[in-house]
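Student: What follows is a single structure, and I will ask about it in a moment.
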Ligand SMILES: Nc1ncnc2c1ncn2[C@@H]1O[C@H](COP(=O)(O)OP(=O)(O)OP(=O)(O)O)[C@@H](O)[C@H]1O
Ligand SMILES: [Mg+2]
């Protein structure tokens, strides 16, 4: 177990493309950190640099107390789970799981015991003598997990390990991986572009955008206090509502006679509100027209216009609404203001 | 799967006809002819022939020269197969490490493949020319007086070298594409699991190349046994007597130089059976070829 620290890590690919701009962060011992961002933002690049599969262009990387910039992947005391599992097709499940141990001069009897333990933990015992081609996707995923846990490494690295599974299995594995990590207490970095995975699994989330960190924070902070309009619209389904407004005399007028204080110069601002922080309120101040009601079972989404701008409202399944004019009120504490030029939170 | 079908029964047969005709004229007919003449003793001056049953075969079995050539062919095949495979694998592994250069590398090596066997033999002849061939010079510089076409061992060496040189590119292409079809992430997983590149090669890369390797093994044995005719012909031309030759070349020497049509037919029937066995073996292998997913 170990903490991980990145100091000004930068990646420029041989073709000159800067995939990661100088980036620094620390991960505490035992922490589960999720790297999330849209496709091509440099998540895998960052993870692969930590694994040693990609050279670090500039910067310092340490795992534990050791600078590992020039340490072989096999000597970094890490284990990685790949998106396509990367199992050795010609080896049985038993050999797949034990291969890393065998190369670390572990006694054969120890290997067998550890493989058995890992297999039991992951419900793989009956498959130990099968080849990967004889397993289902979910079972292969477990073997890949087994290969990682059996080594008892200082750091787990996951690169979108669940993206090849169907929704149900993904949900189940999400919980299992998280529980396993809790139990083993191994520091973990988990890459995904699925914001639900990020929210549910992470102790802390790092949101990346075009090779740059947009925000680091707990899921709650990221969700409720996004540091930029990018984070606000990337995290959450549906995303945060973002509307243009003007600030005047230190206040931003939202609609009706609702306004929030703004410690910014007069001029344009963007204000954001999560769909569930808006309520239908017959006595409310703000008139709103519902155009479309989106039925989602557990809740409904109301899409419509406020001051000529798109707004989505989340209401529980008990609230019956139909298209047409209604009145709403906004939870003012939940409003976030952004600078329209930089996109950063004020 | 949707099955495409022909409207009439005759169309497919009609379409196959040219190919069948070519096979019949250039393969089945001569083959049948060879089997037939292997049971006859041909008059050397072309005045008829007489049925002799299995005499041509039993004669071969007791012929010490035939035995000697068979042994040489075996050794030659083993050496050519081994070195073409080993060298190609080495080059492919190196090329695979520098994927960028691989394309140029591949093209360069493929040139050799485009050289016809007799031309390859002729180039070998020049390289080993006693008075000015660069390879003969090289041999001389390490104190080896290389005499192509005179010394049995020297000629055999040249034969093996030229044949290997000619076959390496084919093997290289297969090995390289075999290597490149190993998923990148599998190699990366191995990189995390094993520090030693030697271990990674033997534990992961090599087993995953095995299907390609088996396939190439058969191809190379067939090549060394049969397709090296052109190389052998050029290198020993003029004096087959004292020089090494392979079984295929012996068929030609006995049949066309010695005018022993019956004996050489028997030899070619034996070779046909050998090819048949190899082909059956290869088909079995292809059927059983492990498909990793
Ligand atoms: N070998 C390479 N050479 C040049 N550019 C590369 C290379 N590998 C990746 N890139 C570029 O670097 C950027 C980041 O790639 P990366 O694989 O880290 O994205 P990602 O965030 O993991 O995306 P995804 O969610 O699609 O996996 C991409 O724009 C990609 O095109
Ligand atoms: Mg990726």
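Chains as they are written, first to last, in the numbering used here: chain A, 6 to 351; chain B, 4 to 296. For each residue, glycine too, the CB sits at the ideal point set by N, CA and C.
Decide if residue 95(A) is buried, meaning its Cβ has at least 16 other Cβ atoms within 10 Å, or exposed.
Tutor: Stepping through the first chain from its first residue, residue 95(A) is reached at position 90. Buried: at least 16 other Cβ atoms inside 10 Å.
Student: May I ask whether a heavy atom of ligand 1 can be found less than 7 Å away from the beta carbon of residue 18(A)?
Tutor: One-based indexing of the first chain puts residue 18(A) at position 13. Result yes, Cβ under 7 Å from ligand 1.
Student: Considering only the beta carbon of each residue, do residue 80(B) and residue 213(B) sit closer than 8 Å?
Tutor: Numbered from 1 along the second chain, position 77 holds the residue referred to as residue 80(B). Numbered from 1 along the second chain, position 210 holds the residue referred to as residue 213(B). No, they are not a contact pair.
Student: Label residue 31(B) either buried or exposed according to how many other C-beta atoms from any shown protein chain fall within 10 Å of its C-beta, with 16 as the threshold for buried.
Tutor: Residue mapping note: residue 31(B) aligns to position 28 of the second chain, counting from 1. The residue in question, residue 31(B), is exposed, as its Cβ has fewer than 16 Cβ neighbours within 10 Å.
Student: Going by the beta-carbon positions, is the gap between residue 52(A) and residue 40(A) smaller than 8 Å?
Tutor: Here residue 52(A) corresponds to residue number 47 of the first chain, with the count starting at 1. Here residue 40(A) corresponds to residue number 35 of the first chain, with the count starting at 1. Yes, Cβ-Cβ distance for residue 52(A) and residue 40(A) is below 8 Å.
Student: Let's test the definition: count the other Cβ atoms within 10 Å of the Cβ of residue 110(A) and tell me whether it reaches 16, buried, or not, exposed.
Tutor: As a working mapping, residue 110(A) is identified with position 105 in the first chain. With fewer than 16 Cβ atoms within 10 Å of its Cβ, residue 110(A) is classed as exposed.
Student: Out of 217(A), 200(A) and 249(A), point me to the one whose CA is closest to residue 228(A)'s CA.
Tutor: Here the question's residue 228(A) lines up with position 223 in the first chain. Of the listed residues, the one whose Cα sits closest to residue 228(A) is 200(A).
Student: Report the partner residues of residue 263(A) according to the DSSP bridge assignment.
Tutor: In the first chain, residue 263(A) corresponds to position 258, counting from 1. 260(A), per the DSSP bridge assignment.
Student: Run through chain A and tell me which residues come within less than 8 Å of residue 189(B), C-beta to C-beta.
Tutor: Walking along the second chain from the start, residue 189(B) turns up at place 186. The answer, in chain order, is 91, 92, 93 and 94.
Student: Report the rounded CA-to-CA distance for residue 82(B) versus residue 120(B), giving the unit in angstroms.
Tutor: Walking along the second chain from the start, residue 82(B) turns up at place 79. Walking along the second chain from the start, residue 120(B) turns up at place 117. Their backbone Cα atoms lie some 18 Å apart in a straight line.
Student: With the cut-off set at 8 Å, would you say residue 9(A) and residue 160(A) are in Cβ contact?
Tutor: Sequence index remark: in the first chain, residue 9(A) carries index 4 (1-based). Sequence index remark: in the first chain, residue 160(A) carries index 155 (1-based). Closer than 8 Å, so yes.
Student: Drop a sphere of 10 angstroms on the beta-carbon of residue 398(A), count the other beta-carbons inside from all chains shown, and report buried for 16 or more, exposed for fewer.
Tutor: With chain A running from 6 to 351 in the structure shown, residue 398(A) is simply not present.
Student: Does any C-beta atom of chain A lie closer than 8 Å to the C-beta of residue 298(B)?
Tutor: The structure shown has nothing for residue 298(B), since chain B only spans 4 to 296.
Student: For ligand 2, is there a heavy atom less than 7 Å away from the beta-carbon of residue 188(B)?
Tutor: Taking the first residue of the second chain as position 1, residue 188(B) is located at position 185. No; taking the cut-off as 7 Å, the Cβ of residue 188(B) has no heavy atom of ligand 2 nearer than that.
Student: Return the residues of the stretch 193–205 of chain B that lie within a Cβ-Cβ distance of less than 8 Å from chain A, sorted by chain order.
Tutor: Of all residues in the stretch 193–205 of chain B, 193, 194, 195, 196, 197, 198, 199 and 202 have a Cβ within less than 8 Å of some Cβ in chain A.
Student: In terms of alpha-carbon separation, which member of 42(A), 35(A) and 18(A) lies closest to residue 218(A)?
Tutor: Here residue 218(A) corresponds to residue number 213 of the first chain, with the count starting at 1. The shortest Cα separation from residue 218(A) among 42(A), 35(A) and 18(A) belongs to 42(A).
Student: Taking its Cβ as the centre, do 16 or more other Cβ atoms sit within 10 Å of residue 257(A), making it buried, or is it exposed?
Tutor: Along the first chain, one-based indexing puts residue 257(A) at 252. Answer is buried; the Cβ neighbour count reaches 16.
Student: Compile a chain-ordered list of the residues in the stretch 61–92 of chain A whose CB is closer than 9 Å to at least one CB of chain B.
Tutor: Taking 9 Å as the Cβ-Cβ cut-off against chain B, the residues of the stretch 61–92 of chain A that qualify are 77, 78, 79, 80, 81, 83, 84, 85, 87, 88, 89, 90, 91 and 92.
Student: Under the rule that 16 or more other beta-carbon atoms within 10 Å means buried, what is residue 90(A), buried or exposed?
Tutor: Taking the first residue of the first chain as position 1, residue 90(A) is located at position 85. Label assigned to residue 90(A): buried.
Student: With a threshold of 8 Å between beta carbons, is residue 105(A) in contact with chain B?
Tutor: Looking up residue 105(A) in the first chain gives position 100. Interface residue, yes.
Student: When every heavy atom of ligand 2 is checked, does at least one fall within less than 7 Å of the C-beta of residue 165(A)?
Tutor: Translated into the one-based positions of the first chain, residue 165(A) becomes position 160. Yes.
Student: List the residues of chain A whose Cβ lies closer than 8 Å to the Cβ of residue 186(B), in chain order.
Tutor: Working through the second chain from its first residue, we reach residue 186(B) at position 183. Residues of chain A passing the Cβ test: 89 and 91.
Student: Starting from residue 274(A), follow its DSSP beta bridges and name the residues at the other end.
Tutor: Position 269 of the first chain, counted from the first residue, corresponds to residue 274(A). Per DSSP, 250(A).
Student: Kindly examine ligand 2 and report whether one of its heavy atoms sits closer than 7 Å to the Cβ of residue 168(A).
Tutor: By 1-based counting over the first chain, the position of residue 168(A) is 163. No, since every heavy atom of ligand 2 falls outside the 7 Å radius drawn around the Cβ of residue 168(A).
Student: Return yes when the C-beta of residue 74(B) is under 7 Å from any heavy atom of ligand 2, and no when it is not.
Tutor: The sequence position of residue 74(B) within the second chain is 71, counting from 1. Incorrect: residue 74(B) has no Cβ contact closer than 7 Å to ligand 2.
Student: Please state if the CB of residue 273(A) and the CB of residue 249(A) are separated by a distance shorter than 8 Å.
Tutor: By one-based count along the first chain, residue 249(A) stands at place 244. By one-based count along the first chain, residue 273(A) stands at place 268. Against a cut-off of 8 Å, the Cβ pair of residue 273(A) and residue 249(A) comes out as a contact.
Student: Could you tell me which of 254(A), 243(A) and 260(A) sits nearest to residue 305(A), measuring between CA atoms?
Tutor: Your numbering for residue 305(A) matches position 300 in the first chain. The option with the nearest alpha carbon to residue 305(A) is 243(A).
Student: Alpha carbon to alpha carbon, what distance is there between residue 181(A) and residue 336(A)?
Tutor: Against the first chain, residue 336(A) aligns to sequence position 331. Against the first chain, residue 181(A) aligns to sequence position 176. Taking the straight line from one Cα to the other gives about 36 Å.
Student: Tell me the residue span of the alpha helix (DSSP H) that contains residue 235(A).
Tutor: Position 230 of the first chain, counting from 1, holds the residue named residue 235(A). Run containing residue 235(A): 234–239, per the alpha helix (DSSP H) assignment.
Student: Less than 8 Å between the beta carbons of residue 190(B) and residue 197(B), yes or no?
Tutor: Stepping through the second chain from its first residue, residue 190(B) is reached at position 187. Stepping through the second chain from its first residue, residue 197(B) is reached at position 194. Result no, Cβ atoms of residue 190(B) and residue 197(B) do not sit closer than 8 Å.
Student: How about the stretch 65–77 of chain B and the stretch 245–265 of chain B: do they share at least three Cβ pairs that are nearer than 8 Å?
Tutor: The stretch 65–77 of chain B vs the stretch 245–265 of chain B: in contact.
Student: Should residue 49(A) be counted as a contact of ligand 2 given a C-beta to heavy atom distance under 7 Å?
Tutor: As a position in the first chain, residue 49(A) is number 44, starting the count at 1. Checking the Cβ of residue 49(A) against ligand 2 gives yes.
Student: What is the residue span of the alpha helix (DSSP H) that residue 188(B) lies within?
Tutor: Your numbering for residue 188(B) matches position 185 in the second chain. Per DSSP, residue 188(B) belongs to the alpha helix (DSSP H) from 187–196.
Student: In the DSSP output, what is residue 317(A) paired with across the bridge?
Tutor: Taking the first residue of the first chain as position 1, residue 317(A) is located at position 312. Answer is 308(A), bridged to residue 317(A).
Student: Looking at chain A, is there any beta carbon in it that lies within less than 8 Å of the beta carbon of residue 207(B)?
Tutor: In the second chain, counting from the first residue as 1, residue 207(B) sits at position 204. Interface residue, yes.
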